[in-house]
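*Asks:*
Numbering (our numbering), first residue to last: 15 to 105.
Written out as structure tokens, the structure is:
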């Protein structure tokens with residue numbers, strides 16, 4: 015997981031970052047590492063706010079709407095299975 019925290023921000027393509035953050039969150043949750051999973055999902059959500067309207071796919075600029083929809087759907091389906099712990103929401 016530590017390798018992912020270091021490597022993913024160095025990638026240039028925003029879609030790759032978003033997909034990898036989500037995949038790392040899913041892996042962390044699968045291994046019962048809730049705080050790591052939360053951290054990856056927070057990073058993915060932060061990336062969503064700065065996501066470009068168009069991205070380059072195979073050398074062409076295309077609308078990012080389809081890819082954002084797929085990524086957000088994937089993140090939301092991940093959140094459905096994440097256990098709720100009261101201590102995670104206390105300030």
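Built from N, CA and C at the ideal position, the CB exists for glycine as well.
Taking the CB atoms as reference points, tell me whether residue 42 and residue 50 lie closer together than 7 Å.
*Replies:* yes
*Asks:* What residues in its chain sit with their C-beta under 7 Å from that of residue 78, if we drop five residues either side in the sequence?
*Replies:* 65, 66, 67, 68 and 69
*Asks:* Could you tell me the alpha carbon to alpha carbon distance between residue 30 and residue 74, rounded to whole angstroms?
*Replies:* Taking the straight line joining both Cα atoms gives about 16 Å.
*Asks:* Ignore the nearest five residues each way along the sequence and tell me which others in residue 76's own chain have a CB closer than 7 Å to its CB.
*Replies:* 68 and 69
*Asks:* Of all the beta strand (DSSP E) runs that stay within the bounds of the stretch 38 to 98, which reach a length of 3 or more residues?
*Replies:* 68 to 71 and 74 to 77
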